[in-house]
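Chemist:
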Ligand code: GLN
């Protein structure tokens, strides 16, 4: 008999209550909307193969998705370019921060789609001839992953565009290398709007589940991307999704995931479930402190570690 618990009856409220005692970390202050986030906020959700979504209090409170959008941008870029995205973006982990001003030295390509350079490029190669068309394409695609229509927080999008100096720098560097083919400002505009899409923990769990179930949304039944695209994306989440903390994450939690500065974490446990935690205080790798702790507990107690769970390993 399995010593693991059943996700259908798992007590998420108890997990959330325990996480609320978990202090530490700093709220990101890159834009005013993130800086004013409530540090005590904590929401947890999971989406199961039959489309059931289970969640805690606050799991319907909207946050900007920030970098948790990157796996889905990569999926849309792979789909729209028929896999050519893999020639224009690397897939190796960087061991550096998400916004490091660094490209592959021999090719000038961004190192992977989970860091900002890569996400700026993926957002620039989805279908669409201009900013408005690519923005609309991304919103439609993300909504299909979510199983409901999503919207952009216009204030967040504006501030990300205005205040994202490192993203402008990365876009200009990629222009200089010839790897970015739209204007630097257009690339930042589309990426900023993608980061400003509003999600809650329930929505993000369904999005993660869609990747976990080979690109098929368990809520709507829609095949959003082909299984091979989902597999490529989940592979890169496993190796690069938590930036320079990816190795540590993979060992302790063992579930492909993507972190973000809003404190959101999306997890795709292959063929098992999608899950999301949102809690704003971040550790030194830009990962939600409570999000990491809650993800570890879910992985241990539900047996989600892709290489076999190891309860008690911190
Ligand atoms: N929008 C943020 C940025 O580009 C996203 C970064 C993140 O969530 N790690 O700086």
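Residue numbers (our numbering): 444 to 757.
Beta carbons: idealized from backbone N, C-alpha and C, even for Gly.
These numbers were taken from a predicted model, which means no experiment stands behind them.
How close, in whole Å, do the beta carbons of residue 500 and residue 568 come, if the pair is a contact with beta carbons under 8 Å?
Modeler: About 39 Å; that fails the 8 Å criterion.
Chemist: Considering only residues of the same chain and omitting the five flanking positions on each side of residue 547, which have a CB-CB separation below 7 Å?
Modeler: Counting only Cβ-Cβ distances below 7 Å, and skipping sequence neighbours, we find 533, 554.
Chemist: Could you check what DSSP says for residue 506 in three-state terms: helix, strand or coil?
Modeler: Residue 506: strand per DSSP, three-state reduction.
Chemist: For the beta strand (DSSP E) that residue 715 lies in, which residues bound it at each end?
Modeler: Neither: residue 715 is in no beta strand (DSSP E) and is coded neither H nor E.
Chemist: Return yes when the Cβ of residue 556 is within less than 8 Å of the Cβ of residue 550, no when it is not.
Modeler: Not in contact: residue 550 and residue 556 (Cβ atoms no closer than 8 Å).
Chemist: Residue 701 bridges to which residues according to DSSP?
Modeler: DSSP output for residue 701 lists 709 as bridge partner(s).
Chemist: Mark residue 444 as exposed unless 16 or more other C-beta atoms lie within 10 angstroms of its C-beta, in which case mark it buried.
Modeler: Interpretation of residue 444 is limited by its pLDDT of 45, a score under 50 that renders its predicted location unreliable; no figure is taken from the coordinates.
Chemist: Which residue from 544, 478, 456, 649 puts its Cα closest to that of residue 712?
Modeler: For residue 712, the nearest C-alpha among the options comes from 649.
Chemist: Taking the alpha carbon of residue 541 as the point to measure from, which residue in 498, 576, 701, 591 has its own alpha carbon closest?
Modeler: Comparing Cα positions, the closest option is 701.
Chemist: Is DSSP giving residue 740 helix, strand or coil here?
Modeler: Three-state DSSP puts residue 740 in a helix.
Chemist: Considering just the uninterrupted stretch of the beta strand (DSSP E) at residue 498, what are its terminal residues?
Modeler: Start and end: 496 to 498.
Chemist: For the beta strand (DSSP E) containing residue 581, name the first residue and the last one.
Modeler: Per DSSP, residue 581 belongs to no beta strand (DSSP E); it is in the alpha helix (DSSP H), 574 to 589.
Chemist: So is residue 655 in contact with chain B if we call contact Cβ pairs under 8 Å?
Modeler: In the displayed structure, chain B is absent; only one protein chain is listed.
Chemist: Suppose contacts are defined by Cβ-Cβ distances below 8 Å. Is residue 447 in contact with residue 745 by that definition?
Modeler: Yes, Cβ-Cβ distance for residue 447 and residue 745 is below 8 Å.
Chemist: Who does residue 666 pair with in a DSSP beta bridge?
Modeler: Paired residues: 659.
Chemist: Quick one: give me the first and last residue of the beta strand (DSSP E) that residue 489 is part of.
Modeler: Element bounds for residue 489: 486 to 490.
Chemist: Is there at least one non-hydrogen atom of the ligand GLN closer than 7 Å to the beta-carbon of residue 689?
Modeler: No, the Cβ of residue 689 stays beyond 7 Å of every heavy atom of the ligand GLN.
Chemist: Do the CB positions of residue 660 and residue 584 come within less than 8 Å of each other?
Modeler: Contact flag unset, no.
Chemist: Beta carbon of residue 603: closer than 7 Å to some heavy atom of the ligand GLN?
Modeler: Yes, the Cβ of residue 603 comes within 7 Å of a heavy atom of the ligand GLN.
Chemist: Just curious, the alpha helix (DSSP H) that residue 729 is in, first and last residue?
Modeler: Counting along the chain, residue 729 falls outside any alpha helix (DSSP H), and DSSP gives it neither H nor E.
Chemist: Under 8 Å, do residue 635 and residue 604 count as touching if we go by C-beta distance?
Modeler: For residue 635 and residue 604, yes; Cβs fall inside 8 Å.
Chemist: How big is the Cα-Cα spacing for residue 545 and residue 685?
Modeler: Roughly 17 Å between the two C-alpha positions.
Chemist: Kindly examine the ligand GLN and report whether one of its heavy atoms sits closer than 7 Å to the Cβ of residue 578.
Modeler: No, Cβ of residue 578 sits at least 7 Å from all heavy atoms of the ligand GLN.
Chemist: Are there 16 or more other CB atoms within 10 angstroms of the CB of residue 763, so buried, or fewer, so exposed?
Modeler: For residue 763 there is no data in the structure shown, the boundaries of the chain being 444 and 757.
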